[in-house]
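**Q**
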Amino acid sequence: PDLTPTEIKSALMLTAVTKGTLKEDGATPTDPFDLGAGRIDLNRAKKAGLVMSESMDNFLLADPASGGDPSSLNIASMMNSNCVGSCSWTRTVTNKDKKSSEWVVSANADGFEVELSLDSVDGKQPKKPKKPKKHGHDNEDDSISFKLKRDESATFTVTVNNLQSDVGWQFGSIDIAKGKKGNQDKK
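Quick note: the sequence shown uses this note's numbering, first residue 190, plus one each step.
1) With a threshold of 8 Å, are at least 3 pairs of Cβ atoms found where one atom belongs to the segment 295–303 and the other to the segment 351–366?
2) Run through the segment 216–273 for me and flag every whole alpha helix (DSSP H) of 4 or more residues, listed as ranges in chain order.
3) Give the straight-line distance between the Cα atoms of I333 and G215, rounded to the nearest whole angstrom.
4) Quick check on E243: buried or exposed, where buried means 16 or more other Cβ atoms within 10 Å of its Cβ?
5) Please list, in chain order, all residues of the same chain as A226 whose beta carbon is under 6 Å from its beta carbon, the five residues on each side excluded.
6) So what does DSSP say about S362, is it helix, strand or coil?
7) Taking 8 Å as the threshold, find out whether the segment 267–287 comes into contact with the segment 232–241 through three or more Cβ pairs.
8) Where does T408 fall in DSSP's three states?
9) Using CA atoms only, rank isn't needed, just tell me which of D252, E213, V294 and A200 is closest to I229.
10) Use the C-beta contact count for P194: other C-beta atoms within 10 angstroms, 16 or more gives buried, fewer gives exposed.
11) Output needed for V273: all residues of its chain with C-beta closer than 8 Å, excluding positions within five of it in sequence on either side, in chain order.
12) Rounded to whole angstroms, what is the Cα-Cα separation between F335 and M245?
13) Would you check if the distance between the CB atom of W292 and the CB atom of I365 is smaller than 9 Å?
14) By the three-class DSSP mapping on this structure, what secondary structure does S332 have?
15) Can you tell me whether DSSP reads K198 as helix, strand or coil?
16) T281 to S255, Cα distance in whole Å?
17) M241: buried (16+ other C-beta within 10 angstroms of its C-beta) or exposed?
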């Protein structure tokens with residue numbers, strides 16, 4: 190396929206395997222510091238329907254040594270070592286499937302709340318703006334969904350609210366799956 194280096198990297202990250210991975214001792218489950226995006230699966234990566242793209246100029250502008258903000262990059266990871274109260278990331282995904290596809294985005298959080306909001310589909314605001322979907326702290330497991338034609342993009346925002354979280358690092362995940370809401374392919 191005709192993909193940029195950052196799109197290839199996102200395809201590798203978005204399709205990586207995380208289930209069943211263990212630390213070096215062979216018994217302790219990995220955490221995101223050990224695992225990163227997960228174990229690369231080239232067969233899954235070559236079938237990735239969604240990719241994320243980012244420019245070299247934006248990487249240079251996001252350099253913290255120059256006052257930039259790495260969380261502003263459109264990449265397949267989210268981290269903020271200084272997230273107190275609330276922090277957000279906005280991501281844009283582009284459909285590289287050969288045909289129109291429906292996608293479902295959901296969050297998994299333990300010990301904090303995550304809100305998902307769909308900002309735009311192919312540059313247009315969703316027809317029915319909805320309240321953000323909240324995850325974590327015993328909220329219902331809701332998700333956002335969108336349908337994209339080939340080369341169309343969707344932009345969504347992930348907001349973490351951690352005022353009631355334990356001190357220290359908190360981990361969560363965002364799952365993006367192909368299929369209709371409630372009937373998506375599991376990754």
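Idealized CB from N, CA, C, for every residue including glycine.
**A** From the atom records:
1) In short, these stretches touch, since the Cβ pair count reaches three.
2) 221–224, 231–234 and 245–250
3) Reading the sequence shown from its first residue, position 144 is the one you call residue 333. Reading the sequence shown from its first residue, position 26 is the one you call residue 215. Straight-line Cα distance between these residues: approximately 36 Å.
4) Sequence index remark: in the sequence shown, residue 243 carries index 54 (1-based). By the neighbour-count rule (16 or more Cβ atoms within 10 Å), E243 is buried.
5) As a working note, residue 226 is residue 37 in the sequence shown. M202 and A205.
6) For this step, residue 362 is matched to residue 173 along the sequence shown. Three-state DSSP puts S362 in a strand.
7) Counting Cβ pairs under 8 Å, three or more are found: they touch.
8) Since the first residue shown for the chain is 190 and the last is 376, residue 408 is missing from the structure and cannot be characterised.
9) The residue given as residue 229 occupies position 40 in the sequence shown. Nearest of D252, E213, V294 and A200 to I229, Cα basis: A200.
10) Residue mapping note: residue 194 aligns to position 5 of the sequence shown, counting from 1. Counting Cβ neighbours within 10 Å, P194 comes out exposed, since fewer than 16 surround it.
11) Mapped onto the sequence shown, residue 273 falls at position 84. Here the set comprises N351.
12) Counting from 1 along the sequence shown, the entry for residue 335 is found at position 146. Counting from 1 along the sequence shown, the entry for residue 245 is found at position 56. Looking at the two C-alpha atoms, the distance is approximately 28 Å.
13) As a working mapping, residue 292 is identified with position 103 in the sequence shown. As a working mapping, residue 365 is identified with position 176 in the sequence shown. Result yes, Cβ atoms of W292 and I365 sit closer than 9 Å.
14) Here residue 332 corresponds to residue number 143 of the sequence shown, with the count starting at 1. DSSP places S332 in strand when its eight states are reduced to three.
15) Position 9 of the sequence shown holds residue 198. The three-state secondary structure of K198, taken from DSSP, is helix.
16) As a first step, residue 281 is located in the sequence shown; it is residue number 92 there, counting from the start. As a first step, residue 255 is located in the sequence shown; it is residue number 66 there, counting from the start. Spanning the two alpha carbons is a distance of roughly 24 Å.
17) Residue mapping note: residue 241 aligns to position 52 of the sequence shown, counting from 1. Buried.
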